[in-house]
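Trainee: Dropping the structure in here first, questions after.
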Amino acid sequence: MNQASIFTLEKRGNAYKDFDSFPSDLYVDTSAWIAVYNGNLSYNPMKEFMSDCLNNNTTLYHSEMVLSEAVHVNEKAFYDQYAENYLSQAKEHGKVNQKKLKKLINRAHPEILTDIKISQNQLLHIIRTSSDLLEYETDTEAFEEMLKIRDASGNILGTNDAKHVYIARQYGINSFLTADGDFIALDNDNIYVPQNEKYIREKIGRNNVYLEFDPNQY
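Read left to right, the sequence shown gives residues 9 to 226 (the working numbering).
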């Protein structure tokens, strides 16, 4: 099996250091969308790369899995701002009751519901208007395939991440934009990631050339 190729988003001038061409199809996972939405307004490498991809005829993709996770992560970020002040009140039998915690925060900060809805709609609008939806169906066979993807990663990939990979591969897509380090445990995939020390280390010893989709490699 081939290791995944890792391409960081480091630029030298207007050119990327790790690659000089763009994938024709790119699955953007939830962590990347969140990074685009919440990133620094002055410079956001994820957002810039996505823009460069679109300008170079790359088609970006998302799935219902992305939408569901994005809604959850976005909502959690709002509640996390206040959670610490209400943890003691939300504890039952030594554990935090998450539903009770939300009710306490909602009661003390009723504006949070509107704020979450506005933010959620903005985030979903960005995803839906910037990329195409990959539809999928799950059954027992599909679930087993997801487990195989997880197993092939040495159980580094969680089941949700394995589902993202499964969806993309159903459409012959093996290029991923992500801020999730677990994706580099894949085989025969192209992983586009932000520049940081972890990915610089992980790139060592890999060929890091663009890998064409080949169903026989999985």
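A virtual CB, placed ideally from N, CA and C, is assigned to each residue, including glycine. All figures in this text were calculated on a predicted structure; none of them were measured in a lab.
Within 10 Å of its beta-carbon, does residue 223 have 16 or more other beta-carbons around it, so buried, or fewer, so exposed?
Mentor: Numbered from 1 along the sequence shown, position 215 holds the residue referred to as residue 223. Exposed is the call here.
Trainee: Quick one, are the C-beta atoms of residue 219 and residue 190 less than 8 Å apart?
Mentor: Looking up residue 219 in the sequence shown gives position 211. Looking up residue 190 in the sequence shown gives position 182. Contact flag unset, no.
Trainee: Please give the ranges of any beta strand (DSSP E) in the region 37 to 79, keeping only runs that are unbroken, at least 3 residues long and fully inside the region.
Mentor: 67 to 71
Trainee: Take every Cβ of the region 33 to 53, pair it with every Cβ of the region 127 to 139, and state whether three or more of those distances are shorter than 8 Å.
Mentor: yes
Trainee: Is the region 104 to 114 close to the region 152 to 159, with three or more CB pairs under 8 Å?
Mentor: no
Trainee: Reducing DSSP to helix, strand and coil, say where residue 158 ends up.
Mentor: Along the sequence shown, one-based indexing puts residue 158 at 150. Three-state DSSP puts residue 158 in a helix.
Trainee: What does DSSP give as the partner residue(s) for residue 184 in the beta ladder?
Mentor: Within the sequence shown, numbered from 1, the residue matching residue 184 stands at position 176. DSSP lists 35, 199 as partners of residue 184.
Trainee: By how many angstroms is the C-alpha of residue 93 removed from the C-alpha of residue 115?
Mentor: As a working mapping, residue 115 is identified with position 107 in the sequence shown. As a working mapping, residue 93 is identified with position 85 in the sequence shown. The alpha-carbon atoms of residue 115 and residue 93 are separated by roughly 13 Å.
Trainee: CB-CB under 7 Å to residue 186, same chain, minus the five flanking residues each way: which ones, in chain order?
Mentor: Along the sequence shown, read from residue 1 onward, the residue named residue 186 stands at position 178. Closer than 7 Å at the Cβ level, and outside the excluded window around residue 186, lie 37, 39, 40, 199, 201.
Trainee: Is the distance from the Cβ of residue 14 to the Cβ of residue 211 below 8 Å?
Mentor: Here residue 14 refers to the residue found at position 6 of the sequence shown. Here residue 211 refers to the residue found at position 203 of the sequence shown. Contact: yes.
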